[in-house]
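Taking our numbering, the leading residue of the sequence shown gets 3, the next gets one more, and so forth.
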Amino acid sequence: MSPKLKILPLSDWIVTDGFPLLISGPCSAESEQQLLSTAKELAGIDELKVFRAGIWKPRTRPGDFEGVGEKGLIWLNKVKEETGLLTAVEVADNSHVELALKHNVDILWLGARTVVNPFSVQTIADSLKGVDIPIMVKNPVNPDVKLWLGAIERINEIGINKIIAIHRGFHYFEKSPFRNAPMWEIPIELKRAAPNLPIIVDPSHICGRRELIESISQKALDLEMDGLMIESHLDPDNALTDSAQQITPEFLRVILKKLVVRHKKGDLNFQHKLEELRTEVDKLDGELLQILAKRMDIIDEIGEYKKDNDITILQMKRWAGIIADRMSIGTHMGIDNVFLKKLLNLIHKESIQRQEDIFRKR
Ligand code: PEP
Ligand code: MN
Numbered sequence: 003m004s005p006k007l008k009i010l011p012l013s014d015w016i017v018t019d020g021f022p023l024l025i026s027g028p029c030s031a032e033s034e035q036q037l038l039s040t041a042k043e044l045a046g047i048d049e050l051k052v053f054r055a056g057i058w059k060p061r062t063r064p065g066d067f068e069g070v071g072e073k074g075l076i077w078l079n080k081v082k083e084e085t086g087l088l089t090a091v092e093v094a095d096n097s098h099v100e101l102a103l104k105h106n107v108d109i110l111w112l113g114a115r116t117v118v119n120p121f122s123v124q125t126i127a128d129s130l131k132g133v134d135i136p137i138m139v140k141n142p143v144n145p146d147v148k149l150w151l152g153a154i155e156r157i158n159e160i161g162i163n164k165i166i167a168i169h170r171g172f173h174y175f176e177k178s179p180f181r182n183a184p185m186w187e188i189p190i191e192l193k194r195a196a197p198n199l200p201i202i203v204d205p206s207h208i209c210g211r212r213e214l215i216e217s218i219s220q221k222a223l224d225l226e227m228d229g230l231m232i233e234s235h236l237d238p239d240n241a242l243t244d245s246a247q248q249i250t251p252e253f254l255r256v257i258l259k260k261l262v263v264r265h266k267k268g269d270l271n272f273q274h275k276l277e278e279l280r281t282e283v284d285k286l287d288g289e290l291l292q293i294l295a296k297r298m299d300i301i302d303e304i305g306e307y308k309k310d311n312d313i314t315i316l317q318m319k320r321w322a323g324i325i326a327d328r329m330s331i332g333t334h335m336g337i338d339n340v341f342l343k344k345l346l347n348l349i350h351k352e353s354i355q356r357q358e359d360i361f362r363k364r
């Protein structure tokens, strides 16, 4: 629990008409025309309340498009005037905060790369003292719930109580279909630690590919997250940043039509626990496959070695020893005998097959 947090409920400061909070807009502001025409399209979507745009972009290498800077804030003001949408911008230091406030941006957010650094978060928090503006805090790049909560506490401590956490996934060193692994157990843990804190989900940065956005959005709703932030662009393929994950406003409409907001759900604790367990199983399956692949690599190496040294593939004595050894370990661990024997034989058969292929090749 985080008794320190004093957070206003979302419904006290933003009208969402029953649908979870929906934020959309381009990854980056690129031109006045792009911002205005995207915003006008989006404004036709009833559920949409907030227009996002990156003005300063954190890029991995210098020289990539780093955002249009202050002039983008002037364009955003036009968006506000012409569509009535609220505007949201990422700030990464106090000069950004100063400019965003000067140009009347409605909501600010801290990006994943900023939240990893408590010094940066504190500097930004200090520059917000005495200002009444909602702040959204993305999770840090690394899966550390305390670091995320710490950043939220720093913002809350200086007197800001309109705060939203944004779940945008986590850097994961293993192969994964996602750009940033969702690791749902982490936002769930945050919710447990701070039950009053609204958490919205950013499927765009989790997925990295537009095909996955609908299913992650549905998952977010099923886990009773408080909203979605989805990147949109009139011509996603030619977007200057994050082009693979952006969708057209039209496609956003299509996705929204398909999403189901279930109001009567089962016990949420039960759902959260189930999700935690499923994430654990996903992780273990990944490890299992990796270990299996590694085992096959070593089997190949042994095959090459046997071939170079004119040794036969099948050595019955060694295999009988392996079976006896693994069966006794596995049974001891509570794995069913019959299943284990089948599994070991299957692995052995595949190993022999691979070595035969190696013998045949040269
Ligand atoms: C963004 O929202 O465009 C962005 C840069 O996100 P993140 O900080 O999650 O990488
Ligand atoms: Mn982006």
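Beta carbons: idealized from backbone N, C-alpha and C, even for Gly.
Span of the alpha helix (DSSP H) around residue i
i, result
"Leu-386", "A question about residue 386 goes unanswered here, because the residues of the chain that appear run from 3 up to 364."
"Ser-26", "Taken as a continuous stretch (DSSP letters only), Ser-26 belongs to no alpha helix (DSSP H), being part of the beta strand (DSSP E) at 23 to 27."
"Ala-102", "96 to 104"
"His-334", "318 to 334"
"Leu-230", "Here Leu-230 belongs to no alpha helix (DSSP H); instead the beta strand (DSSP E) covers 229 to 233."
"Leu-88", "Careful: Leu-88 lies outside any alpha helix (DSSP H), inside the beta strand (DSSP E) at 88 to 92."
"His-350", "339 to 363"
"Ala-183", "No alpha helix (DSSP H) holds Ala-183; DSSP gives it neither H nor E."
"Ala-127", "120 to 129"
Bounding residues of the beta strand (DSSP E) (the contiguous stretch that carries residue i)
i, result
"Arg-54", "50 to 54"
"Met-138", "137 to 140"
"Ile-202", "201 to 203"
"Trp-111", "109 to 112"
"Thr-40", "Taken as a continuous stretch (DSSP letters only), Thr-40 belongs to no beta strand (DSSP E), being part of the alpha helix (DSSP H) at 34 to 45."
"Ala-246", "Where Ala-246 is concerned, there is no enclosing beta strand (DSSP E), given that its DSSP letter is neither H nor E."
Residue i beta carbon near ligand 2 (any heavy atom closer than 7 Å)
i, result
"Gly-56", "yes"
"His-207", "yes"
Presumed contact (8 Å Cβ cut-off) between residue i and residue j, rounded CB distance
i, j, result
"Glu-92", "Trp-58", "7 Å"
"Val-147", "Leu-192", "6 Å"
"Thr-18", "Lys-51", "6 Å"
"Ile-137", "Leu-110", "5 Å"
"Arg-211", "Ile-249", "Contact doesn't hold; Cβ gap of about 10 Å is too wide."
"Leu-12", "Leu-23", "6 Å"
"Ala-55", "Leu-87", "That belief does not hold up - the Cβ atoms of Ala-55 and Leu-87 are roughly 11 Å apart, past 8 Å."
"Glu-226", "Leu-270", "6 Å"
Closer than 7 Å: residue i CB and nearest ligand 1 heavy atom
i, result
"Glu-32", "no"
"Arg-170", "yes"
"Leu-140", "Note on identity: in this sequence residue 140 is Lys, with Leu being the wrong assignment. Yes, since a heavy atom of ligand 1 falls inside the 7 Å radius drawn around the Cβ of Lys-140."
"Ala-114", "yes"
"Glu-92", "yes"
"Asp-204", "yes"
"Pro-60", "yes"
Beta carbon of residue i nearer than 8 Å to that of residue j
i, j, result
"Ile-188", "Ala-167", "no"
"Leu-254", "Gln-36", "no"
"Gly-171", "Ala-183", "yes"
"Gly-69", "Ser-129", "no"
"Asn-141", "Ile-9", "no"
"Lys-230", "Pro-251", "Reading off the sequence, residue 230 comes out as Leu, not Lys. No, the pair does not count as a contact, with Cβ atoms beyond the cut-off."
"Ile-301", "Ser-245", "no"
"Leu-149", "Val-107", "no"
"Met-2", "Lys-308", "The structure shown has nothing for residue 2, since the chain only spans 3 to 364."
"Gln-357", "Gly-305", "yes"
"Pro-28", "Glu-233", "yes"
"Ile-325", "Leu-345", "no"
"Glu-84", "Leu-38", "yes"
"Val-203", "Ile-165", "no"
> Quick one, what's near ligand 2 if you take every residue whose CB is closer than 5 Å to any heavy atom, in chain order?
Replying inline: Cys-29 and Asp-244
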